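This report refers to the structure that appears directly beneath it.
Protein chains in written order, with my numbering: chain A, 44 to 238; chain B, 71 to 399.
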């Protein structure tokens, strides 16, 4: 598993709950390390241990922790690069939803060894969609749930989401889009300010 | 053209052409711009239509295109153009003739100057044809920058870690012997054990001459050979350290009489006096050694012992090199 996901959890816990809480999570994992490197590889089992330890230390269900992580990834100033990369997916929220099918391929364009979970969007009608996520990490669909909620806000769309387990360990997120242009949304310029 | 799959004379309304090619220009046979795609209107303000093409654009490559006749001859070829007065931002283009000799249609794109153009003209996704990979290119530029920044940070952290590891290292990387740090630790340990031990300080003779005449590679080869000779003399538990350019210290725990220590030193000097071959040429060195002994009585301190060995070493040097001297003898 790519270190990006472990680093994302690290960044989320540290920024939201503080360095001491993150240190407690890492002690709980008994991995013998204090932090992760985004560009290195780790065993997928490591991610499961970190998620379980975070849920234990934060005294919250793992699904909720992961959902908050998804929201954090879009909203935090520390991860604006990711939010921008997601926004490249589409002009509006519906366009963005359809771009999720391509997300693993897009991620691999940037990082050839980075394998995102496969996602498949089904459009039932203009308001109703469902997204199936086949994630190697348990509960990965919850990250997508938090991420979708935050992206809907980012685009100014009004939508509700519901997650349920699907067949074969996959997560299915039901999306109900009430209004695509509900609010102004956050501004997105194709060319970012020069870093 | 034979083999074409198009029905002859495809007719498209202007909106369709705008969507297919948001950066096209229609040029009349006299070079007047008669139509222009919506994205190009953003670049040229409202003043494109009705103006002479060659007043507004320059064709940089191929050279020598100054009029419609030149442009017609280059129909179907890749062109490099620029809007006059827009600095260096270049455009790519392709001109094809319109049916019936009604002029040319010239389609443009940004090429590698895309990012600057998007910034300068505040372009959005809808300014590009849906088939255009411009937005994917922008995505890649950003993804690459983000990844490069992560890697840069990672490299900085690794560099720090390497430095820290080097500072903790106990080995001399050139010879594989112990280094000054390791010697200090071994000496402190020997003193703490209060057992008898001997300290030999050795300095190579004529080493500088080898370096100066045969080069540093020869010098390094000599140092590695010295390390082998020293290691061959050492017993389990002894410490051999390279503590400077051509300075070595041997820490020999256990009781030993001055004649025994001299014998060890003489064997080492004997070994080092043999010429060392480097690329077919002999390197001749020798060694001077100073020896001191800690008996275990009292509590010697490391600095005093090292100063004693050092003093004995200089006695050897003064007495003509290539020999060993016992401190206080």
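C-beta atoms are modelled at their ideal positions from N, C-alpha and C, and glycine is treated no differently.
Nothing here was measured: the structure is a model prediction, and the numbers come from that model.
Can you confirm whether the segment 380-396 of chain B touches the segment 352-364 of chain B when touching is taken to mean that 3 or more C-beta pairs between the two stretches lie within less than 8 Å?
yes
With which residues is residue 179 of chain B paired in a DSSP beta bridge?
B:162
Within the continuous alpha helix (DSSP H) that includes residue 206 of chain A, where are the two ends?
Not the alpha helix (DSSP H): residue 206 of chain A falls in the beta strand (DSSP E), residues 201-208.
Could you give the residue range of the alpha helix (DSSP H) that holds residue 91 of chain A?
Run containing residue 91 of chain A: 87-101, per the alpha helix (DSSP H) assignment.
Do you know whose CA, among A:135, A:46, A:94, lies nearest residue 109 of chain A's CA?
A:94
Under the three-state reduction of DSSP, which class applies to residue 158 of chain A: helix, strand or coil?
For residue 158 of chain A, the secondary structure class from DSSP, reduced to helix, strand or coil, is coil.
Quick check: the Cα distance between residue 138 of chain B and residue 228 of chain B, rounded to an integer number of angstroms?
60 Å
Go through the segment 127-173 of chain A residue by residue and report every complete run of the beta strand (DSSP E) that reaches 3 residues or more, in order.
161-166
I want to know whether the segment 84-97 of chain B touches the segment 193-206 of chain B - three or more CB-CB distances under 8 Å.
yes
List the residues that DSSP assigns as beta-bridge partners of residue 319 of chain B.
Answer is B:271, B:311, bridged to residue 319 of chain B.
Quick one, which residues of the segment 69-99 of chain A are near chain E if we go by CB-CB under 7 Å, in chain order?
Protein chains in the displayed structure are A and B, and chain E is not among them.
Tell me which same chain residues have a C-beta within less than 7 Å of the C-beta of residue 112 of chain A, skipping the five on either side of it?
51, 52, 55, 186, 189
First and last residue of the alpha helix (DSSP H) that includes residue 256 of chain B?
250-263
So, is the C-beta of residue 131 of chain A closer than 7 Å to a C-beta in chain B?
Closer than 7 Å: yes.
Name, in chain order, the residues that DSSP records as bridge partners for residue 352 of chain B.
Looking at the DSSP assignment, residue 352 of chain B forms a beta bridge with B:347.
Taking all protein chains shown into account, do 16 or more other C-beta atoms lie within 10 angstroms of the C-beta of residue 61 of chain A, making it buried, or fewer, making it exposed?
exposed
Among B:154, B:113, B:253, which one has its Cα closest to the Cα of residue 310 of chain B?
B:253
So, do the segment 221-236 of chain B and the segment 91-111 of chain B have three or more beta carbon pairs nearer to each other than 8 Å?
Flag = no, the segment 221-236 of chain B and the segment 91-111 of chain B do not touch.
Quick one: what's got a C-beta closer than 8 Å to residue 249 of chain B's C-beta in the same chain, skipping five residues either side?
239, 240, 241, 242, 311, 312, 313
The alpha helix (DSSP H) with residue 141 of chain B in it runs from where to where?
138-143
Could you name the residues of the same chain whose beta carbon sits closer than 6 Å to that of residue 395 of chain B, not counting the 5 residues immediately before and after it, in chain order?
360, 382, 385, 386
Starting from the beta carbon of residue 154 of chain A, find every residue of chain B whose beta carbon is closer than 7 Å, and list them in chain order.
217
Under the rule that 16 or more other beta-carbon atoms within 10 Å means buried, what is residue 286 of chain B, buried or exposed?
exposed
Using only CA atoms, which one of B:99, B:291, B:86, B:273 lies nearest to residue 169 of chain B?
B:99
Out of A:125, A:218, A:159, A:129, point me to the one whose CA is closest to residue 171 of chain A's CA.
A:218
Looking at the strands, I want to know which residues DSSP matches up with residue 215 of chain A.
A:175, A:207
Would you call residue 188 of chain B buried or exposed, if buried means 16 or more other Cβ atoms sit within 10 Å of its Cβ?
buried
Which residues mark the beginning and the end of the beta strand (DSSP E) in which residue 394 of chain B is found?
Taken as a continuous stretch (DSSP letters only), the beta strand (DSSP E) holding residue 394 of chain B covers 394-396.
Determine the DSSP secondary structure at residue 104 of chain A, reduced to helix, strand or coil.
coil
Excluding the 5 residues preceding and the 5 following residue 354 of chain B in the sequence, name in chain order all residues of the same chain whose CB lies nearer than 6 Å to its CB.
345
Taking a cut of 9 Å between CB atoms, which residues from the segment 105-133 of chain A lie near chain B?
124, 125, 127, 128, 131, 132, 133
From residue 97 of chain B to residue 195 of chain B, what distance separates their C-alpha atoms?
Straight-line Cα distance between these residues: approximately 26 Å.
Thinking just about the alpha-carbon of each residue, which of B:316, B:290, B:127 is nearest to the one in residue 244 of chain B?
B:290
Bridge partners of residue 131 of chain B, per DSSP?
B:150
Can you say whether residue 72 of chain B is buried or exposed, counting buried as having 16 or more other CB atoms within 10 angstroms of its CB?
Bear in mind that the predicted position of residue 72 of chain B carries a pLDDT of just 48, short of 50, making it too unreliable to give a figure here.
Check the Cβ of residue 233 of chain A against every Cβ in chain B and list those closer than 8 Å, keeping chain order.
188, 193, 194, 195, 205, 208
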